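S.K.:
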Amino acid sequence: MFTSTVPENYTKMSTPFDPAEWVRHLGNNEIWKLDGTTFQQVPALRSLRLDGNRLRGVPSEALTGLPHLEVLNIGNNLIANLPVAAFPPLDKLVVLLMKRNQISEIAEEAFANLTSLKVLELDDNFLTQIPTAVTKLAKLQELSISGNRIKYIRGGLLQKTPALALLELKGNPLTGVDAHAFSFLPRLRKLILSEARELSTFPNLNGTTALEILRLDRAGISSVPSSLCTTCPRLKSLDLKSNKLKTIPDLNNCREMRVLDLASNHIRSLENRPFRGMYQMHDLLLAHNEIQYIPQDAFHNLSRLQVLNLEDNQISFIHPDAFLPISKIEDLNLGQNVFPHLPSAGLERLLHLKTFNNPNLREFPPPEEFPRIQTLVLAYAYHCCAFLPLIPSNPPPKAKDFIVFPDIEDIDMNMWNSSLSDYWPSQRK
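If you're matching positions, the sequence shown starts at 52 in the numbering used here and goes up one per residue.
Shown next, in the form of C-alpha cells:
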C-alpha cells in the first residue's frame, strides 16, 4: 500500500480546530512508503504512530514537515539500518520507539538531528553492541536495548550519556562486561540486566551513586561485593533471583532497601542476622532455596516487613520467636516445607498465610492467634475447620467501578516534557 497523503480518519482532541492538538495513528497497516507530501495538512502534528507497517527505512521525507513532533513510534517494521542523519531535524522529538525491527547497524551520526530526545527504545532488534550513536544524545534519559544480540558491553561508552537515568539490557546473550561499563553514571537510577545467563561477574558500580533499582536476575552471579550498599547508598530494589548465590549477600548498609529478591538460588542459612540495618525492607523473597531452619534472629531489624516468601525450601524448624521482629507482616508464604510446628508470635497482623504441601504440619494454631486473617492455603483440609465460622454468610456487596473521562482542559500537557514517563505504556512492554 502506498500512502502519500493523510487519510481522513484523524482523531481530533479538542475544539475549536487546532492542528497542534492532532495525534495520528497509522499503525498496523501495510504502509511501505511515505513521501514529502504525506503530512502537509498537519504541520503541527505532535504524536505519530507508524508501528506495525512495512517500512524498510525511516520515512525522513515525510517527517521533514513535522517540526513540532514530540513522540514517534516506528516499531515493528522492516528497518535494517540507520544511516548518517537518518532523521530530519526534529528539535522537539522527545520519544522515539523502534522496537521489533531488523536493525543491525546504526551509524554514529544517525541521531544527530534529534537534539531533544529523552527516550529511545531499540528492543528486539539485531544489534550486537550498544550503538555509539547514543553518545550524541546529550539529553537521553531512558535507553532500552533488550532482546538484541549483545554479548559484551565495553567501557567508556555510557559515560558519554550524562543524563542517562534508565538502562534496560535484559534478554541479551551477555558473556562479559567491561570493568567500567556501568561505573560513574551519576544519574542512573534503574539498571536492568535480566536474563544475562552467561554473566558471572557482578558489575562495577563505583560512582553510580543514584542507583535505586538493580535487576540481575537469571544470570550466573555467585557473589555480590560487600561494598555494594556503600557504593549505591540509595538502592531500594535488588533482584538477584535465579543466580548461583550460596549465602545471603552482605547488604548491611542498604538502609533504603525496600524489595530484596533472592529466590531460586542455593542459600542454606539465615544465621548471623543477615538483614542488619535494613529497617525499610517491605518485601523479602527467599523462595526456592535450601534453607533448613529459621533461627531466632533471622529477621532482626526488619520491623517494617510486610511480605515474606519462604516457599519451597527445606525448613524443618522455626524458632518460636523468629517472627517477633516482623510484627507488621501481612503476607507469609511457608508452603512446601517440612516444619512440624508453626509459631504464631508476631503474626497477629497477618492477612494472608500459606503452609500448603507440608506433610509434617499436622497441628495448626487456633483462629484467635490470627485475628486479621483473610486468606489461608493450608497443608491439610481439616486445618480450615476452625476458621470456617469466621467467613460471613452474607458477604458485603462488591464495590462498583466508576470511570471518569477528563476534559482536555484537565490534562496537563507538560507530561510530554517530563522525564522518565511512559507515553504509550502498552507499546513499551
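Every residue, glycine too, gets a C-beta built ideally from N, C-alpha and C.
Keep in mind the model is a prediction, meaning the values are calculated, not measured.
Looking at the secondary structure, which residues open and close the alpha helix (DSSP H) in which residue 281 lies?
M.R.: Numbered from its first residue, the sequence shown carries residue 281 at position 230. Run containing residue 281: 279–282, per the alpha helix (DSSP H) assignment.
S.K.: Going by beta carbon distance, what residues of the same chain come within less than 6 Å of residue 403, once the five residues before and after it are set aside?
M.R.: The residue you call residue 403 lines up with position 352 of the sequence shown. Spatial neighbours of residue 403 in its own chain (CB-CB distance under 6 Å, excluding positions within 5 residues in sequence) are listed in chain order as 382 and 426.
S.K.: Taking only beta-carbon positions, decide if residue 115 is within less than 9 Å of chain B.
M.R.: In summary, chain B is missing from the structure at hand, where a single protein chain is found.
S.K.: Measure the C-alpha to C-alpha separation of residue 297 and residue 187 and round it to an integer number of angstroms.
M.R.: Mapped onto the sequence shown, residue 297 falls at position 246. Mapped onto the sequence shown, residue 187 falls at position 136. Residue 297 and residue 187: Cα-Cα distance of roughly 42 Å.
S.K.: So for residue 98, helix, strand or coil by DSSP?
M.R.: Numbered from 1 along the sequence shown, position 47 holds the residue referred to as residue 98. Residue state, collapsed to three classes: strand.
S.K.: Just reading off the beta strand (DSSP E) that residue 114 is part of, what are its end residues?
M.R.: Counting from one through the sequence shown, the residue named residue 114 turns up at place 63. Note, residue 114: premise wrong, no beta strand (DSSP E); alpha helix (DSSP H) at 111–114.
S.K.: Quick one: measure Cβ to Cβ for residue 114 and residue 141, integer angstroms, because I've assumed they're closer than 8 Å.
M.R.: Walking along the sequence shown from the start, residue 114 turns up at place 63. Walking along the sequence shown from the start, residue 141 turns up at place 90. Residue 114 to residue 141, Cβ: 7 Å. Contact.
S.K.: Just the C-alpha distance for residue 455 and residue 422, rounded to the nearest angstrom, thanks.
M.R.: Here the question's residue 455 lines up with position 404 in the sequence shown. Here the question's residue 422 lines up with position 371 in the sequence shown. With a pLDDT of 40 at residue 455, under the threshold of 50, the modelled position of this residue cannot be trusted; read the value that follows with caution. C-alpha separation (whole angstroms): 37 Å.
S.K.: Is the beta carbon of residue 309 less than 9 Å from the beta carbon of residue 292?
M.R.: On the sequence shown, residue 309 is found 258 positions in, with the first residue counted as 1. On the sequence shown, residue 292 is found 241 positions in, with the first residue counted as 1. It is not a contact, given that the beta carbons lie outside the stated cut-off.
S.K.: Short of 8 Å in beta carbon distance, which residues of its chain neighbour residue 273, apart from the five on each side in sequence? Order them along the chain.
M.R.: On the sequence shown, position 222 is the one that residue 273 refers to. Correct list, in chain order: 251, 294, 295, 296 and 297.
S.K.: Suppose you measure from the CA of residue 339 to the CA of residue 267; what does that come to, to the nearest Å?
M.R.: Locating residue 339 in the sequence shown gives position 288, where the first residue counts as 1. Locating residue 267 in the sequence shown gives position 216, where the first residue counts as 1. Cα-Cα distance, rounded: 17 Å.
S.K.: Between residue 116 and the rest of its own chain, which residues show a CB-CB distance below 8 Å, the 5 nearest in sequence each way excluded?
M.R.: Numbered from its first residue, the sequence shown carries residue 116 at position 65. Cβ within range, chain order: 87, 90, 91 and 94.
S.K.: Quick one: using the 10 Å Cβ neighbour count with 16 as the cut-off for buried, is residue 175 buried or exposed?
M.R.: In the sequence shown, the residue the question calls residue 175 occupies position 124. Buried, because 16 or more other Cβ atoms sit within 10 Å of the Cβ of residue 175.
S.K.: Give every residue of the same chain whose Cβ lies closer than 8 Å to the Cβ of residue 365, excluding the five residues on either side of it in the sequence, and list them in chain order.
M.R.: Your numbering for residue 365 matches position 314 in the sequence shown. 341, 342, 343, 388 and 389, listed in sequence order.
S.K.: Got a sec? Which residues, its chain only, sit under 6 Å from residue 316 by beta carbon, not counting five neighbours each side?
M.R.: Position 265 of the sequence shown, counted from the start, is the residue given in the question as residue 316. The residues are 294, 296 and 340.
S.K.: Looking at the secondary structure, which residues open and close the beta strand (DSSP E) in which residue 193 lies?
M.R.: Reading the sequence shown from its first residue, position 142 is the one you call residue 193. In this chain, the beta strand (DSSP E) harbouring residue 193 covers 193–195.
S.K.: Tell me the rounded alpha-carbon separation between residue 282 and residue 256.
M.R.: On the sequence shown, position 231 is the one that residue 282 refers to. On the sequence shown, position 205 is the one that residue 256 refers to. When rounded, the distance between both Cα atoms is 7 Å.
S.K.: Is the Cβ-Cβ distance between residue 153 and residue 123 less than 9 Å?
M.R.: Here the question's residue 153 lines up with position 102 in the sequence shown. Here the question's residue 123 lines up with position 72 in the sequence shown. Judged by their CB atoms, residue 153 and residue 123 are not nearer to each other than the 9 Å cut-off.
S.K.: Taking residue 195 as the reference, give the member of 107, 276, 150 and 279 with the closest Cα.
M.R.: In the sequence shown, counting from the first residue as 1, residue 195 sits at position 144. Minimum Cα distance to residue 195 is reached at 150.
S.K.: Residue 144 to residue 420, Cα distance in whole Å?
M.R.: Within the sequence shown, numbered from 1, the residue matching residue 144 stands at position 93. Within the sequence shown, numbered from 1, the residue matching residue 420 stands at position 369. Their Cα atoms are separated by approximately 59 Å.
S.K.: Taking C-beta to C-beta, are residue 112 and residue 135 nearer than 9 Å?
M.R.: Locating residue 112 in the sequence shown gives position 61, counting from the first residue. Locating residue 135 in the sequence shown gives position 84, counting from the first residue. Their beta carbons are not under 9 Å apart, which means residue 112 does not touch residue 135 by this criterion.
S.K.: With distance defined between alpha-carbon atoms, name the residue in 132, 254, 405 and 235 nearest to residue 214.
M.R.: Within the sequence shown, residue 214 is the residue found at index 163, counting from 1. Here the closest residue by C-alpha is 235.
S.K.: Grouping DSSP H, G and I as helix and E and B as strand, with all else coil, what is residue 434?
M.R.: Within the sequence shown, the letter at position 383 stands for residue 434. DSSP places residue 434 in helix when its eight states are reduced to three.
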